[in-house]
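Residues in the sequence shown are numbered from 1 upward in steps of one, following UniProt numbering.
Idealized CB from N, CA, C, for every residue including glycine.
Note that this is a predicted model, so its numbers are computed, not measured.
First up is the structure itself, then whatever we jot down about it.
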Amino acid sequence: MSRFPRRFIDDSSMEDAGISLCPSIHYRPINPNDLDRLEQIHRDIFPIKYESEFFQSVVNGVDIVSWAAVDRSRPDDHSDELIGFVTAKFVLAKDSEIDDLIHYDSSKGEETLIYILTLGVVETYRNRGIAMSLISEVIKYASGLSVCRGVYLHVIAHNNAAICLYKRLMFRCVRRLHGFYLINRHHFDAFLFVYFINGSRTPCSPLEVAMFVVNYMKSGIKSVASKLANKDEKGLKWLFCKDTDCVLPSQTKPKLGSSSAYEFI
Ligand code: ACO
């Protein structure tokens, strides 16, 4: 699949980067042959270091579902090389931090959500709709599972490209989590985006707006309170350290009312 860029793409830089003017983008599951390239792209585009256990789980499909984007128009030895990816995992809806937003259907048994872990497209292939197609693959997959109620993710508050992408795909921003990320000893807010599927949620009700405002105010108050209590970096479990001070958020259900708390794996 390939599509016209919606923003400016410099043809000369494409040629410099060895990209055909008419790339042929295909999507497939990630497999063990992708390991090195997957690690390399993560290193290149994320400010945090992922453990090798994570990459092993992705390439072997252990508790993780994933899609790769490749450009078949590249020369043979690169035609199956990753140029983009999305990784995601299943979370039980009742254990997730958005369980309060899910409309449960007791006839459906144990309901799940899909949590997007990482998404990336190498720089030379950006602005061609690849990320949009990768996320669409996740949504399509999730929609085919009758017990799956939605797809959700966190994104750091200053990542405009990713925020625009999720909004464009009709994800709904349901929370702002103050100080959610801790990177190089600095706290950064995150947005929580959800795409509800299989009738799990009705569109924007007044109650939802009210809940958003309440959650936002609660998280703001808690953020200030936690700063006053000077608890910022106490008791955190530090993992995935690149410069020894980068951490990733937890994908598990936080303690009650902890939307502003610092949550880490
Ligand atoms: N500025 C503004 N909007 C953007 C930008 C940008 N730089 N890039 C994408 N978008 C939005 C636009 O709405 C765009 O649609 P439009 O151009 O028709 O308006 C839409 O996203 C789709 O863009 P794609 O071309 O599909 O996005 P791309 O393939 O370039 O990848 C991505 C976007 C994944 C954010 C890429 O820039 C990237 O890899 N960034 C670094 C890693 C990253 O930030 N990953 C996401 C973190 S969140 C997470 O992992 C859960």
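Distances between the C-beta of Ala68 and the heavy atoms of the ligand ACO are all 8 angstroms or more. Counting the other Cβ atoms within 10 Å of the Cβ of Ala93 gives 16 or more, which makes it buried.
Listed as beta-bridge partners of Cys173 by DSSP are Phe193. Assignment of Lys49 by DSSP, reduced to helix, strand and coil, places it in the coil class. Per DSSP, the beta bridge partners of Lys89 are Ile64, Tyr115.
Between Val155 and Ile45, the CB-CB gap reaches or exceeds 9 angstroms.
When rounded, the separation of the alpha-carbon atoms in Met132 and Phe180 is 25 angstroms. Residue environment: Gly150 is assigned as buried (16 or more neighbouring CB atoms within 10 Å of its CB, all protein chains considered). Near the ligand ACO, meaning a beta-carbon closer than 6 angstroms to one of its heavy atoms, we find Arg6, Arg7, Ile45, Ile116, Thr118, Leu119, Gly120, Val121, Arg126, Asn127, Arg128, Gly129, Ile130, Ala131, Met132, Leu153, Val155, Asn159, Asn160, Ala161, Ala162, Cys164, Leu165, Arg168. With a contact defined as Cβ atoms closer than 8 angstroms, Ala161 and Phe188 miss out at about 16 angstroms. DSSP, read as helix, strand or coil, puts Asp36 in helix.
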